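Chains as they are written, first to last, in the numbering used here: chain Y, 1 to 218; chain X, 1001 to 1218.
A virtual CB, placed ideally from N, CA and C, is assigned to each residue, including glycine.
Being a predicted model, the structure only gives us computed values, none of them experimental.
Please read the structure below before turning to the comments.
Number of protein chains: 2
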Amino acid sequence: MNLSQNMEDYLKAIFQIGHGESASTSEIAERLSVNPASVTGMLKKLAELKLVEYVSYRGVTLTHAGRKIALEVLRHHRLIETYLAEALGYEWDQVHDEAERLEHHISEEFEDRIAKMLGDPLYDPHGDPIPTKDGRLPPVSRERLADANEGETVTVRRVGSEDSTTLRFLKEHGIRLGAALRITKRDDRTHTITVHVQRTRVDLSNDVCKIIFVERGS
Amino acid sequence: MNLSQNMEDYLKAIFQIGHGESASTSEIAERLSVNPASVTGMLKKLAELKLVEYVSYRGVTLTHAGRKIALEVLRHHRLIETYLAEALGYEWDQVHDEAERLEHHISEEFEDRIAKMLGDPLYDPHGDPIPTKDGRLPPVSRERLADANEGETVTVRRVGSEDSTTLRFLKEHGIRLGAALRITKRDDRTHTITVHVQRTRVDLSNDVCKIIFVERGS
DNA sequence: CCCCACATTTAGGTGTAACTAACTTTTCTT
DNA sequence: AAGAAAAGTTAGTTACACCTAAATGTGGGG
């Protein structure tokens, strides 16, 4: 099946929103920065191709075939991100945009070569799982920093954001994959969590804490 | 100026055909595998943008701005080819197709990083010159193997083809950049040139000899 | 110097994917 | 449960870049 870049982007977006559940027209429109009306049109086309299950006004889910393609695109994206970081020295806040454009244009050959060169990595620079060639997703922590208790010490395992400003902020405060965080204070009124990284103190908004995934213990 | 991938391809094609002289509609159509009528349409658009000088029925040349873009695209293409070969172990017959797709989708950042990593190379795996960032083309040999005399020994400096079958053929017979060839026979009736590479003998058609550029002496 | 073959352009049409505006369906609020 | 707000869809356009078929321009040979 030879899909347009646009179709691939839609499938990826549906996968990332839905994660099994159904995605709404407006969520997809938001993520892809297009008009909701355009989404409706595309969903019909994808449904024709049996890549999604689409019910008017009710949302959309991926079929098995659609999920497979979404995972392939995601594999490309995350392998490229990893490659840019490991082989070309990109920072984790720079890799997303570059990968977003390249993911649709690399060959199977290229995919295989960089995967091999990197030692078939399972996680990208943000800790997101890289789908394997046969379409399995390595396990990830779903434990959010936002849900950790005062006094606990946790290890950063994943940062579920591609926003470069957020990523740069975290990097500058020593919050990177594998970093140990001690939660020193939860202020539920100001929706702020105070953590210590090494010996420095950082205040984090609740929004940021929702996208930082951790493992209990250090 | 933000051009479509297609426009970039047209500018590159015009540059490569014309090399200063004007390119014809049909030459461009042939190179890009599109209908001549489509070329006419695109040339009008490019002329509007002041990227080409176009006179109906007479052909087209690049303006200064158009040439600049063509050189940038060519720089991307050839840097990527070089990178694929040097960093990822591609063979010279595999690099073109991959580069053709990637060249339009890499950032300035990516260009700079691979150029630096490669030590700002001046020639790609085929010996073609890589335009510098400020738009200069490193010098190349224009001496064709087809024009060399019986008994001469020459060094291969450039192979002006991206056709993978041709490139594979040459590779398999030891004809690579830097190889020393001794012209042992010219048969002007069968349009064939016989050369010796190391100790093995190879018969080359005149067509092939026209795209192999050499330097006199070994 | 005229005519013909070939090159090129014009005209009209296709498919993709976006947009806006207007309409319909669903969901929330009271 | 009614009506308003939000979400989603339909209809009609636009832009891009391709195509085919028909018309037109150009240059060389008789």
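Tell me Y:Arg-142's beta-bridge partners as DSSP assigns them.
As DSSP reads the structure, Y:Arg-142 sits in no beta bridge.
What is the residue span of the beta strand (DSSP E) that Y:His-204 lies within?
One point to set straight first is that residue 204 of chain Y is Leu, not His, in the sequence displayed. Start and end: 200-205.
Which residues in the same chain as X:Tyr-1090 place their Cβ atom closer than 6 angstroms to its Cβ, once the five residues preceding and following it in sequence are excluded?
Leu-1084
To which residues does DSSP link X:Tyr-1090 through a beta bridge?
DSSP output for X:Tyr-1090 lists no bridge partner at all.
Where X:Ala-1179 falls, given that 16 or more other Cβ within 10 Å makes a residue buried
The residue is buried, with at least 16 neighbouring Cβ atoms inside 10 Å.
Within a Cβ cutoff of 7 angstroms, which residues of the same chain sit near X:Arg-1158, ignoring the five residues on either side of it in sequence?
His-1126, Gly-1127, Asp-1128, Val-1140, Ser-1141 and Phe-1213
Rounded to whole angstroms, how far is the Cβ of Y:Val-60 from the Cβ of Y:Ile-14, which I believe are closer than 8 angstroms?
So it is a contact: roughly 6 angstroms between Cβ atoms.
Please check if any C-beta of chain X sits within less than 9 angstroms of the C-beta of Y:His-105.
yes
For Y:Phe-110, would you say it is in contact with chain X, using Cβ-to-Cβ distances shorter than 9 angstroms as the test?
With 9 angstroms as the cut-off, Y:Phe-110 counts as an interface residue toward chain X.
Could you give the first and the last residue of the continuous alpha helix (DSSP H) run that contains Y:Lys-12?
Its alpha helix (DSSP H) spans residues 5-18.
At what residues does the beta strand (DSSP E) containing X:Val-1195 begin and finish?
1192-1197
On a Cα-Cα basis, can you pick out the residue from Y:Val-195, Y:Ser-24, Y:Glu-53 and Y:His-76 that is closest to Y:Asp-120?
Y:His-76
Proximity winner among Y:Ser-218, Y:His-19, Y:Ala-37 and Y:Leu-46, relative to Y:Glu-8 (alpha-carbon distances)
Y:Leu-46
So, do the region 1020-1029 of chain X and the region 202-216 of chain Y have three or more beta carbon pairs nearer to each other than 8 angstroms?
no
Establish whether the CB of X:Ala-1087 and some CB of chain Y are separated by less than 9 angstroms.
yes
The beta strand (DSSP E) enclosing Y:Gly-59, as first and last residue numbers:
59-62
Given a cut-off of 9 angstroms on the beta-carbon distance, is the pair Y:Leu-74 and Y:Lys-12 in contact?
yes
Nearest-angstrom Cα separation, counted from Y:Leu-102 out to X:Val-1195
42 angstroms
Which class does Y:Glu-118 belong to by DSSP, given the choice of helix, strand or coil?
A quick correction: the sequence has Leu, not Glu, at residue 118 of chain Y. Here Y:Leu-118 sits in coil by DSSP.
Check the DSSP bridge columns for Y:Asp-187 and list the partner residues they point to.
Y:Thr-192
In this structure, does DSSP put Y:Leu-137 in helix, strand or coil?
Y:Leu-137 sits in coil when the DSSP states are folded into three classes, being neither helix nor strand.
Residue from X:Leu-1137, X:Glu-1098, X:Gly-1135 and X:Ala-1087 whose Cα sits closest to the Cα of X:Arg-987
Here chain X comprises residues numbered 1001 to 1218, so residue 987 of chain X is not present and cannot be evaluated.
Simplified DSSP assignment, three categories, for X:Val-1095
helix
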